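Counted from 1, the sequence shown has number 226 at position 211 by the working numbering; the numbering is strictly sequential.
Think of the CB as a built atom: it goes at the ideal place given N, C-alpha and C, for glycine as much as any other residue.
Bear in mind that the values here come from a model prediction, so they are computed numbers and not experimental data.
Structure record follows, encoded as structure tokens.
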Amino acid sequence: MSSRKVLSIIVMMGLVSLFADITYEGARGIIPTYLTVILGAPVAILGVVTGVGDFIGYGFRLVSGKLADVTRRYWTITFIGYFVNLLAIPLLALSGNWWLASMLIIMERLGKAVRTPSRDFIISVAAKDMGRGKAFGVHEALDQVGAVAGPLIASLILLKYNNYGLAFLSFSIPAFVAILILYATYRLYGTCETSSSGSEKVISTGLGRTYWLYVASVTLSTAGFMHVAFILYRSYGLFPDWVIPLLYLSAQAIDAPSGLLFGTFYDRFGLKIVALSFPLTALIPIVALHPTPYTLIVSALLFGVVLGLQETIQRAAVADLTSVDVRGSAYGIFNAAFGFAWLAGGSLMGILYELDFKLITIYSALLQFGALLLMTSLIKSTSYVGKH
């Protein structure tokens, strides 16, 4: 595949993610306040819904990834996932209670679970000659433009109209645009190669020891990754309502350059860059321990940096650790483990928050230390440094 065609696929898929992120990241920036303050859900419910949503959002990828490998219908599955993913957000405007809103929040995550392994497979195969860290970095950079624009749109609507329903309904427009661009991409490149040419360099074939050790390390770290929802909830009362989405926006704004920068470093230094994310993750609740506008802004920015690392180099590493014939399943298993960690970690942190926020800082630090030990063992067991 020509380098021009590769770049075109990456950019167009990035534009799909850009408009999709305007839709659901814009909504996610106001969901914590909407669910707890407007609809009256307890903060423990926020933690459970966030955890369950992210568990389904990642855990169901085990099924959708395997389905993609068996059927090879990567584009079809991607279409279905985006449709479900983007339909749920405007429907939040019609929810009149927190349990119905919770179901729609989980539905949005389910749609993302359906389409992500197939979408990542399409990108990973197209980008094998470009450098996967760089390719996922470019995709993430475009993705995060939408992730920044979405919360900004939500903030402006709340500032001018103070109407959460109007904010959710407004996101039906970028959702429609995302589907149109995805269709255009399929029409142009849907018949492109979706199998390996045999020239890919991977650490091992199938799902070997290196892959499982990698999954274990990232899973442990994710269980100690404090969700931004807790930072946003901790911000209530310290900022006007319309400013809180901007705090979420700041995290999304730094996500893109972080992913692009570290994606490039990953192509050169490999798994050592993944290991760097663990101590940064431990710092997030430590900085937010004493809530002030300044500490919460820094904590949100740290969240964004780590999210950028997760969305680029952690995804790229899965492709480099597996052969193409099992890659859909590899992404599914990886994300299922990731989702289980978010469920367990998010639910436990919701409980720990109610007891004493200091417990979250201790819990997170211990898990990041364990993840770092596992990743160090993996790095020592392989000479891979990521040079494509």
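### Query
Where does residue 336 land, buried or exposed, given buried means 16+ other C-beta within 10 angstroms?
Taking the sequence shown and counting its residues from 1, one reaches residue 336 at position 321. The residue is buried, with at least 16 neighbouring Cβ atoms inside 10 Å.
### Simplified DSSP state of residue 277, which is helix, strand or coil
Numbered from 1 along the sequence shown, position 262 holds the residue referred to as residue 277. Note: residue 277 maps to helix in three-state DSSP.
### Query
Do residue 311 and residue 250 have their CB atoms nearer than 7 Å?
Counting from 1 along the sequence shown, the entry for residue 311 is found at position 296. Counting from 1 along the sequence shown, the entry for residue 250 is found at position 235. Yes, the pair counts as a contact, with Cβ atoms nearer than the cut-off.
### Task
Using only the heavy atoms of the ligand FMN, determine whether one of them is closer than 6 Å to the beta carbon of residue 301.
Questions concerning the ligand FMN fall outside what the structure shown contains, since it holds no ligand whatsoever.
### Task
Under the assumption that residue 262 contacts residue 315 (Cβ atoms under 8 Å), give the Cβ distance between them as a whole number of angstroms.
Here the question's residue 262 lines up with position 247 in the sequence shown. Here the question's residue 315 lines up with position 300 in the sequence shown. About 5 Å; that satisfies the 8 Å criterion.
### Query
Relative to the alpha-carbon of residue 298, which residue among 196, 79, 352 and 379 has its alpha-carbon at the smallest distance?
By 1-based counting over the sequence shown, the position of residue 298 is 283. For the residues 196, 79, 352 and 379, the minimum Cα distance to residue 298 belongs to 379.
### Query
Do residue 116 and residue 107 have their C-beta atoms closer together than 7 Å?
As a working mapping, residue 116 is identified with position 101 in the sequence shown. As a working mapping, residue 107 is identified with position 92 in the sequence shown. Taking 7 Å as the Cβ cut-off, residue 116 and residue 107 qualify as a contacting pair.
### Message
Within 10 Å of its beta-carbon, does residue 244 have 16 or more other beta-carbons around it, so buried, or fewer, so exposed?
### Response
Locating residue 244 in the sequence shown gives position 229, counting from the first residue. Buried, since its Cβ has 16 or more Cβ neighbours within 10 Å.
### Task
Tell me, to the nearest whole angstrom, how far the beta carbon of residue 42 is from that of residue 183; I am working on the premise that it is less than 8 Å.
Locating residue 42 in the sequence shown gives position 27, counting from the first residue. Locating residue 183 in the sequence shown gives position 168, counting from the first residue. Contact flag correct, Cβ pair sits at about 6 Å.
### Message
So the candidates are 170, 193 and 187; which of them puts its Cα closest to the Cα of residue 255?
### Response
Here residue 255 is taken as the residue at index 240 of the sequence shown, counted from 1. Selected option, being the one with the closest Cα: 170.
### Query
Under the DSSP definition of a beta bridge, which residues are partnered with residue 254?
Mapped onto the sequence shown, residue 254 falls at position 239. Answer is 251, bridged to residue 254.
### Query
Tell me which same chain residues have a C-beta within less than 6 Å of the C-beta of residue 200, skipping the five on either side of it?
Against the sequence shown, residue 200 aligns to sequence position 185. For residue 200, where only same-chain residues beyond five positions count, the Cβ hits under 6 Å are 27.
### Message
Determine whether the beta carbon atoms of residue 352 and residue 225 lie at a separation below 7 Å.
### Response
Your numbering for residue 352 matches position 337 in the sequence shown. Your numbering for residue 225 matches position 210 in the sequence shown. Contact: no.
### Message
For a quick check, are the C-beta atoms of residue 163 and residue 264 less than 7 Å apart?
### Response
Numbered from its first residue, the sequence shown carries residue 163 at position 148. Numbered from its first residue, the sequence shown carries residue 264 at position 249. Taking 7 Å as the Cβ cut-off, residue 163 and residue 264 qualify as a contacting pair.
### Query
Roughly how many angstroms lie between the CA atoms of residue 78 and residue 40, to the nearest whole one?
By 1-based counting over the sequence shown, the position of residue 78 is 63. By 1-based counting over the sequence shown, the position of residue 40 is 25. When rounded, the distance between both Cα atoms is 24 Å.
### Task
Give the secondary structure of residue 164 by DSSP, where H, G and I count as helix, E and B as strand, and everything else as coil.
Residue mapping note: residue 164 aligns to position 149 of the sequence shown, counting from 1. Helix at residue 164.
### Message
With distance defined between alpha-carbon atoms, name the residue in 72, 232 and 204 nearest to residue 392.
### Response
On the sequence shown, position 377 is the one that residue 392 refers to. Minimum Cα distance to residue 392 is reached at 232.
### Query
Mind checking whether residue 33 and residue 50 have CB atoms under 7 Å apart?
In the sequence shown, counting from the first residue as 1, residue 33 sits at position 18. In the sequence shown, counting from the first residue as 1, residue 50 sits at position 35. The answer is no: Cβ separation not under 7 Å.
#### Entry: N-terminal and C-terminal residue of the alpha helix (DSSP H) that residue 5 is part of
Here the chain covers residues 16 to 403 and nothing more, so residue 5 does not appear.
### Task
Quick one: give me the first and last residue of the alpha helix (DSSP H) that residue 355 is part of.
Counting from 1 along the sequence shown, the entry for residue 355 is found at position 340. Looking at the DSSP string, the run of the alpha helix (DSSP H) that includes residue 355 is 342-370.
### Message
Tell me the DSSP secondary structure of residue 272 in three-state form.
### Response
The residue labelled residue 272 in the question sits at position 257 within the sequence shown. If DSSP states are grouped into helix, strand and coil, residue 272 belongs with the helices.
### Query
Once you ignore the five residues that flank residue 156 on each side, which residues in its own chain have a CB closer than 6 Å to its CB?
The sequence position of residue 156 within the sequence shown is 141, counting from 1. Closer than 6 Å at the Cβ level, and outside the excluded window around residue 156, lie 271 and 275.
### Message
Quick check on the DSSP output: what are the complete alpha helix (DSSP H) runs of length 4 or more inside the segment 54-97, in order along the chain?
### Response
58-74 and 76-86
### Task
Pair every Cβ in the segment 89-103 with every Cβ in the segment 366-374, then say whether three or more of these pairs are closer than 8 Å.
no
### Task
Compute the distance between the beta-carbons of residue 236 and residue 296, then report whether it is under 7 Å.
The residue given as residue 236 occupies position 221 in the sequence shown. The residue given as residue 296 occupies position 281 in the sequence shown. In contact: residue 236 and residue 296 (Cβ atoms closer than 7 Å).
### Between the CA atoms of residue 84 and residue 211 - distance to the nearest angstrom
If you number the sequence shown from 1, residue 211 lands on position 196. If you number the sequence shown from 1, residue 84 lands on position 69. Low per-residue confidence applies at residue 211: pLDDT is 48, beneath 50, and the placement is therefore not dependable enough to give any value.
### Task
Report buried or exposed for residue 76, applying the criterion of at least 16 other Cβ atoms within 10 angstroms of its Cβ.
In the sequence shown, counting from the first residue as 1, residue 76 sits at position 61. By the 10 Å Cβ count, residue 76 comes out buried.
### Message
Taking the straight line between their C-alpha atoms, what separation do you get for residue 358 and residue 118?
### Response
Taking the sequence shown and counting its residues from 1, the one referred to as residue 358 is at position 343. Taking the sequence shown and counting its residues from 1, the one referred to as residue 118 is at position 103. One C-alpha to the other measures close to 16 Å.
### Task
Between the Cα of residue 339 and those of 222, 47 and 238, spot the shortest distance and give me the residue it belongs to.
Position 324 of the sequence shown holds residue 339. The candidate whose alpha carbon is nearest that of residue 339 is 222.
### Task
State the CB to CB distance for the pair residue 179 and residue 37, rounded to an integer number of angstroms; the pair is presumed to be in contact (CB under 8 Å).
As a first step, residue 179 must be located in the sequence shown, where it is residue number 164. As a first step, residue 37 must be located in the sequence shown, where it is residue number 22. Actually they do not touch by this definition, with Cβ atoms about 17 Å apart.
### Query
So, using beta-carbon positions, are residue 166 and residue 44 closer together than 7 Å?
As a first step, residue 166 must be located in the sequence shown, where it is residue number 151. As a first step, residue 44 must be located in the sequence shown, where it is residue number 29. A contact, by the Cβ cut-off of 7 Å.
### Task
Assign residue 194 to one of three DSSP states: helix, strand, or coil.
Against the sequence shown, residue 194 aligns to sequence position 179. It is helical.
### Task
In the DSSP assignment, find the alpha helix (DSSP H) that holds residue 51 and state where it starts and stops.
For the purposes of this step, residue 51 is taken as the residue at position 36 of the sequence shown. No alpha helix (DSSP H) holds residue 51; DSSP gives it neither H nor E.
#### Entry: Neighbour-count burial assignment, residue 309, 16 or more Cβ in a 10 Å radius
For this step, residue 309 is matched to residue 294 along the sequence shown. With fewer than 16 other Cβ atoms within 10 Å, it is exposed.
### Task
Report back the beta-carbon spacing between residue 186 and residue 266 to the nearest angstrom; my notes put them in contact at under 8 Å.
Translated into positions along the sequence shown, residue 186 becomes position 171. Translated into positions along the sequence shown, residue 266 becomes position 251. About 19 Å; that fails the 8 Å criterion.
### Query
Terminal residues of the continuous alpha helix (DSSP H) containing residue 310?
Residue mapping note: residue 310 aligns to position 295 of the sequence shown, counting from 1. 308-324 is the span of the alpha helix (DSSP H), which, as asked, contains residue 310.
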